[in-house]
Amino acid sequence: MPPRFVADCMLGRLAKWLRALGFDVLYHPFADDHEVVAWARERGAVVLTRDTGFPDPPDICIISIRDDHVEEQLGQLVREAALDLAEARPLTRCTVCNQVLVSAARDEVWDRVPPFVYLTQESYARCPDCGRVYWEGSHAFRMRERLARLSKSAEAARRRR
Ligand SMILES: [Zn+2]
Numbered sequence: 717m718p719p720r721f722v723a724d725c726m727l728g729r730l731a732k733w734l735r736a737l738g739f740d741v742l743y744h745p746f747a748d749d750h751e752v753v754a755w756a757r758e759r760g761a762v763v764l765t766r767d768t769g770f771p772d773p774p775d776i777c778i779i780s781i782r783d784d785h786v787e788e789q790l791g792q793l794v795r796e797a798a799l800d801l802a803e804a805r806p807l808t809r810c811t812v813c814n815q816v817l818v819s820a821a822r823d824e825v826w827d828r829v830p831p832f833v834y835l836t837q838e839s840y841a842r843c844p845d846c847g848r849v850y851w852e853g854s855h856a857f858r859m860r861e862r863l864a865r866l867s868k869s870a871e872a873a874r875r876r877r
């Protein structure tokens, strides 16, 4: 089972990226430290924080994120949080609300995708919560490329240790 995460309010971009890769990340832009800790406890999740003064209760794993760049941040999670990028499942989770996507037929989503997409894409995924529609477009392709690069450099860093 991949680790689950709760991200503090300063890590919205990282939360979005982790979700885009299919990982479970609870994130709310207005959550305070106490809420973040409570959620982590409830879900057995790892806390990701950018705040060096974050509380450090003994029963929770807290990872203090050091870098500003998402790729470096993911690298840190590979090294310190047992995040395995081989377990990434791109396009399986809503980047906005963290729900697992369900597959959707083309005719269900025709009014929510651009005409060109409708004409060229067969399969879609839909968020059961917010209704957002996802498909294998060029952004998904770029994301997979970036993921492949990231996995390679994370693997190299692991071997160097
Ligand atoms: Zn959603």
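Take the position in the sequence shown, starting the count at 1, then add 716; the result is the number in my numbering.
Positions of the beta carbon are idealized from the N, C-alpha and C atoms, including for glycine.
Bounding residues of the beta strand (DSSP E) (the contiguous stretch that carries residue i)
i	result
Ala731	That residue, Ala731, is in no beta strand (DSSP E); its alpha helix (DSSP H) goes Gly728 to Ala736.
Residue range of the unbroken alpha helix (DSSP H) whose run includes residue i
i	result
Leu793	Val786 to Glu796
Val752	Asp749 to Arg759
heavy atom of ligand 1 below 6 Å from residue i C-beta
i	result
Cys725	no
Val812	yes
Asp845	yes
Arg842	no
Arg822	no
Beta carbon of residue i nearer than 7 Å to that of residue j
i	j	result
Gly738	Arg805	yes
Leu793	Leu799	yes
Arg766	Leu727	yes
Trp826	Tyr840	no
Ala870	Gly769	no
Cys725	Pro745	yes
Integer Cβ distance of residue i from residue j, believed to fall under 8 Å
i	j	result
Ala797	Val741	Going by Cβ atoms, the distance from Ala797 to Val741 rounds to 12 Å, so no, they are not a contact pair.
Run through the stretch 821 to 849 for me and flag every whole alpha helix (DSSP H) of 4 or more residues, listed as ranges in chain order.
822 to 825 and 831 to 836
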